[in-house]
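A.B. asks: For any residue, its number in our numbering is found by taking its place in the sequence shown, counting from 1, and adding 5. One structure, pasted below without further comment.
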Amino acid sequence: MAHTDIDTLNSFLRGELSAVETYRQASKHIKSDLARTELDACMQDHEARVAAIKERIQSLGGRPSEDSGLWGTFAKAVQGSADLLGEKVAIDALEQGEDHGLADYNRDVDKLHGPARTFARQQLLPAQKHTHARISRLKHNPNLH
Numbered sequence: 006m007a008h009t010d011i012d013t014l015n016s017f018l019r020g021e022l023s024a025v026e027t028y029r030q031a032s033k034h035i036k037s038d039l040a041r042t043e044l045d046a047c048m049q050d051h052e053a054r055v056a057a058i059k060e061r062i063q064s065l066g067g068r069p070s071e072d073s074g075l076w077g078t079f080a081k082a083v084q085g086s087a088d089l090l091g092e093k094v095a096i097d098a099l100e101q102g103e104d105h106g107l108a109d110y111n112r113d114v115d116k117l118h119g120p121a122r123t124f125a126r127q128q129l130l131p132a133q134k135h136t137h138a139r140i141s142r143l144k145h146n147p148n149l150h
């Protein structure tokens, strides 16, 4: 059971690491103060989840993933293309990444057991929903260029 929990949590961790990398890349190309503030807040949300997931994996006797893996490479490529097309497109790509992250949590949360499942349901999933809503509001903000 612990091995399955560690694997699932490491999958979540790779997604969160990918999100941090992607937000870091996107923030270099964002001009508006409003968008930069929101993107920084979203990145900090993901960084907090990275730390929490790493801690949980270690408490289960596992070794946290060090990088975002294949998904991170793909996400960075998508974001890099979006950055070339402007702020709105970059934010749209970030929202798509948040969609993917939310889908991953919803799909895999029940693979976890006991305290690991409680942790994911009570901390990770609500936090991901919050970050997703934040970037969605930004995307639909009429004040963005």
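Beta carbons: idealized from backbone N, C-alpha and C, even for Gly. None of the values given here were measured: they were computed from a predicted structure.
#1: Give me the Cα-Cα distance between Lys93 and Asp115, rounded to the nearest whole angstrom.
#2: Contact between the segment 50 to 61 and the segment 25 to 34: three or more CB pairs below 8 angstroms?
#3: Look at the Cβ atom of His51, then the Cβ atom of Thr136, and state whether they are nearer than 8 angstroms.
#4: Is Phe17 closer than 8 angstroms to Asp109 when the C-beta atoms are compared?
#5: With distances taken Cα to Cα, identify the nearest neighbour of Glu21 among Ser73, Thr9, Lys144, Leu143.
#6: State buried or exposed for Asp38, treating a residue as buried only when at least 16 other CB atoms are found within 10 Å of its CB.
#7: Is the Cβ-Cβ distance between Ser70 and Arg112 less than 8 angstroms?
#8: Counting along the chain, where does the alpha helix (DSSP H) carrying His137 start and finish?
#9: Measure the alpha-carbon distance for Glu103 versus Ala95 and round it to whole angstroms.
#10: Under 8 angstroms between the Cβ atoms of Glu43 and Leu107?
#11: Helix or strand or just coil, what does DSSP make of His118?
#12: Given that a residue counts as buried once 16 or more other Cβ atoms are within 10 Å of its Cβ, and exposed if not, what is Gln133?
#13: My guess is that Ala7 and Leu65 are in contact by the Cβ rule of under 8 angstroms, so how many angstroms apart are they, rounded?
C.D. replies: The structure says:
#1: Translated into positions along the sequence shown, residue 93 becomes position 88. Translated into positions along the sequence shown, residue 115 becomes position 110. Distance from the CA atom of Lys93 to the CA atom of Asp115, rounded to whole angstroms, is 35 angstroms.
#2: Judged by pairs of C-beta atoms under 8 angstroms, the segment 50 to 61 touches the segment 25 to 34, as three or more such pairs exist.
#3: The residue labelled residue 51 in the question sits at position 46 within the sequence shown. The residue labelled residue 136 in the question sits at position 131 within the sequence shown. With a cutoff of 8 angstroms on beta-carbon distance, His51 and Thr136 are scored as near each other.
#4: Along the sequence shown, one-based indexing puts residue 109 at 104. Along the sequence shown, one-based indexing puts residue 17 at 12. For Asp109 and Phe17, yes; Cβs fall inside 8 angstroms.
#5: Your numbering for residue 21 matches position 16 in the sequence shown. For Glu21, the closest C-alpha among the options Ser73, Thr9, Lys144, Leu143 is that of Ser73.
#6: Position 33 of the sequence shown holds residue 38. It is exposed - the Cβ of Asp38 has fewer than 16 other Cβ atoms within 10 Å.
#7: Position 65 of the sequence shown holds residue 70. Position 107 of the sequence shown holds residue 112. Contact check for Ser70 against Arg112 fails: the beta carbons are separated by 8 angstroms or more.
#8: Numbered from its first residue, the sequence shown carries residue 137 at position 132. Unbroken alpha helix (DSSP H) run through His137: 130 to 144.
#9: Your numbering for residue 103 matches position 98 in the sequence shown. Your numbering for residue 95 matches position 90 in the sequence shown. About 13 angstroms.
#10: For the purposes of this step, residue 43 is taken as residue 38 along the sequence shown, with counting starting at 1. For the purposes of this step, residue 107 is taken as residue 102 along the sequence shown, with counting starting at 1. Contact flag unset, no.
#11: Position 113 of the sequence shown, counted from the first residue, corresponds to residue 118. Coil at His118, not helix or strand.
#12: What you label residue 133 is simply residue 128 of the sequence shown in a count that begins at 1. Taking all protein chains shown into account, Gln133 has 16 or more neighbouring C-beta atoms within 10 Å of its C-beta and is therefore buried.
#13: For the purposes of this step, residue 7 is taken as the residue at position 2 of the sequence shown. For the purposes of this step, residue 65 is taken as the residue at position 60 of the sequence shown. Indeed they touch by this definition, with Cβ atoms about 5 angstroms apart.
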